[in-house]
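Colleague: Please find one structure pasted underneath; my questions will follow.
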Amino acid sequence: MIKKLVIFGVGLIGGSLAMSLKKANYCNTIIGCSRSVESLQKAQELGVIDDYTLDPIEAVNGADMILLAVPMGAMGSVLQSIKGHVEADAVVTDAGSAKASVVAAAREVFGEIPPYFVPAHPIAGREKSGVEAAIVDLYVDHKVIVTPLPETDAAAEQRVIAMWQATGADVESMEVEKHDQVLAATSHLPHVLAYSLVDTLSHSDASDAIFHYAAGGFRDFTRIASSDPVMWRDICLENRDAILASMEEFQANLQILHQQVSDADSDGIMETFTHAKAVRDDYMKKQST
Ligand code: NAD
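According to the numbering used here, the sequence shown is numbered sequentially starting from 2.
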C-alpha cells in the first residue's frame with residue numbers, strides 16, 4: 002500500500018499508473034506535479050489524480066512513493082527540484098524508456114545513487130500521449146523491468162515491484178546496460194525504422210501514388226510512426242550508443258538482403274524470409290500462450 006503517491010508528469014504513462022492503482026485501491030492519495038497546470042487540471046477532472054501542485058517541494062512533502070513519468074530530457078531537472086526534500090521513508094522511481102541516462106542524471110544530481118532510487122521501465126505504451134490517452138489496463142499482462150543498482154536498497158526495490166504488480170504487470174529485474182541494449186533492439190530500432198520508412202516514402206517522386214495505394218502492410222509496419230516525435234527524439238539522444246549499435250547491425254543485415262536481391266539469389270532470399278517467418282511465428286505463438 003502507498004500512502005501518498007506523487008507523479009511528476011501525469012501523461013499516458015503516469016496517468017495510466019494512477020488509474021490502475023486507484024482501481025486496485027493501492028494508494029490513499031495520488032498527487033500530480035508538472036509544469037503545465039492545464040494537463041494537471043485535466044487529470045483531476047478525469048479523476049486520474051486526487052489533487053495537484055506545481056510546486057515540487059510541496060508535492061513530495063509526506064510522500065512515500067515518487068514516480069517520474071516526465072520526458073527523458075526532463076528527468077534530471079525534476080530530480081534536482083526535489084533534492085533534499087525526499088522523506089526518509091520515501092522511494093523514488095521513474096518510468097523512462099532508457100535507463101543508463103536516468104541513472105547518470107541521478108548520479109549527477111545527488112553525487113551518488115541514493116539507496117531509495119529504483120529505476121524502472123514499463124514495457125507498455127500507445128502511439129498517443131497525454132493524460133487523455135491514459136487507460137486503466139495499460140499494464141495488465143505487460144512487462145515492467147526494474148533495473149536496481151548495487152546501491153539500491155532491497156526494500157525500496159520491493160516496494161516498486163509491488164506497486165507495478167498491483168497494476169497487473171509482470172515485473173522482472175535486469176541490469177541497466179542490458180536493459181538499454183535489449184530495448185534498443187526491440188523497441189527503439191523499430192520506431193526508428195517506422196519513422197524512416199514513412200519519411201523516405203514521403204520524399205519519393207511517387208509519394209502521392211504510394212500513400213494512395215498503401216494498404217494493410219504499410220499500416221501495420223508504420224503504426225508506431227504516429228508516436229510522439231519529441232519522446233522518440235529524446236529516446237534516440239538518451240540511448241544513443243545502444244540504438245546506433247542496433248542500427249548498424251540492421252544496416253549490415255539489410256545490405257546482405259540487398260545483395261541477395263541484386264544477385265537474384267532466390268535461395269538466399271528464401272532462406273532469410275523463411276528464417277524470419279519461423280522466428281516471428283514462434284514469438285507470436287509464445288505471446289498467445
Ligand atoms: P506524455 O507526453 O504522455 O506525458 C508526459 C507528461 O510530463 C506530460 O503531462 C507533461 O506535461 C509532463 N512534463 C513535461 N515536462 C515536464 C517537467 N519538466 N516537469 C514535470 N512534468 C513535465 O509522455 P508519456 O508517454 O507518458 O512518457 C512519459 C515517460 O514514460 C517518458 O520518459 C517515456 O520515455 C516513458 N515511457 C513512455 C512509453 C510510451 O509508449 N509512451 C512507454 C514506456 C515508458
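The beta-carbon is built from N, C-alpha and C at its ideal position, and this holds for glycine as well.
Would you call the CB atoms of GLY77 and VAL110 closer than 8 angstroms?
Modeller: To locate residue 77, count along the sequence shown from 1; it is residue 76. To locate residue 110, count along the sequence shown from 1; it is residue 109. For GLY77 and VAL110, yes; Cβs fall inside 8 angstroms.
Colleague: Roughly how many angstroms separate the alpha carbons of ILE270 and VAL280, rounded to a whole number?
Modeller: Here the question's residue 270 lines up with position 269 in the sequence shown. Here the question's residue 280 lines up with position 279 in the sequence shown. One C-alpha to the other measures close to 15 angstroms.
Colleague: Of the choices TYR196, ALA243 and TYR214, whose alpha-carbon is the least far from that of PRO230?
Modeller: Numbered from its first residue, the sequence shown carries residue 230 at position 229. Out of TYR196, ALA243 and TYR214, TYR196 has the C-alpha closest to the C-alpha of PRO230.
Colleague: Buried or exposed for GLU113, going by 16 or more other Cβ atoms inside 10 Å?
Modeller: Mapped onto the sequence shown, residue 113 falls at position 112. Under this definition GLU113 is an exposed residue.
Colleague: Report buried or exposed for ASP95, applying the criterion of at least 16 other Cβ atoms within 10 angstroms of its Cβ.
Modeller: Reading the sequence shown from its first residue, position 94 is the one you call residue 95. That one is buried.
Colleague: Near ALA186, which residues of its chain fall below 7 angstroms by C-beta distance, leaving aside the five closest residues on each side in sequence?
Modeller: Here residue 186 refers to the residue found at position 185 of the sequence shown. Once the five neighbours on either side are set aside, the close Cβ partners of ALA186 are SER247.
Colleague: I'd like the span of the beta strand (DSSP E) that includes ASN29, first residue to last.
Modeller: Translated into the one-based positions of the sequence shown, residue 29 becomes position 28. It spans 28 to 34 - the beta strand (DSSP E) in which ASN29 sits, taken as one unbroken run.
Colleague: Unbroken beta strand (DSSP E) runs of length 3 or more, entirely within the segment 83 to 146: which are they?
Modeller: Whole beta strand (DSSP E) segments, 3+ residues: 92 to 95 and 121 to 123.
Colleague: Taking LEU69 as part of the beta strand (DSSP E), name the residues at either end of that continuous run.
Modeller: As a working mapping, residue 69 is identified with position 68 in the sequence shown. Counting along the chain, the beta strand (DSSP E) containing LEU69 begins and ends at 66 to 69.
Colleague: Determine, using beta carbons only, whether PRO72 and MET175 come nearer to each other than 8 angstroms.
Modeller: Stepping through the sequence shown from its first residue, residue 72 is reached at position 71. Stepping through the sequence shown from its first residue, residue 175 is reached at position 174. No. Outside cutoff.
Colleague: With DSSP collapsed to three states, give me the class of LEU184.
Modeller: The sequence position of residue 184 within the sequence shown is 183, counting from 1. Helix at LEU184.
Colleague: Can the beta-carbon of ILE83 be found closer than 8 angstroms to that of THR54?
Modeller: The sequence position of residue 83 within the sequence shown is 82, counting from 1. The sequence position of residue 54 within the sequence shown is 53, counting from 1. Cβ distance not < 8 angstroms, so ILE83 and THR54 don't count as in contact.
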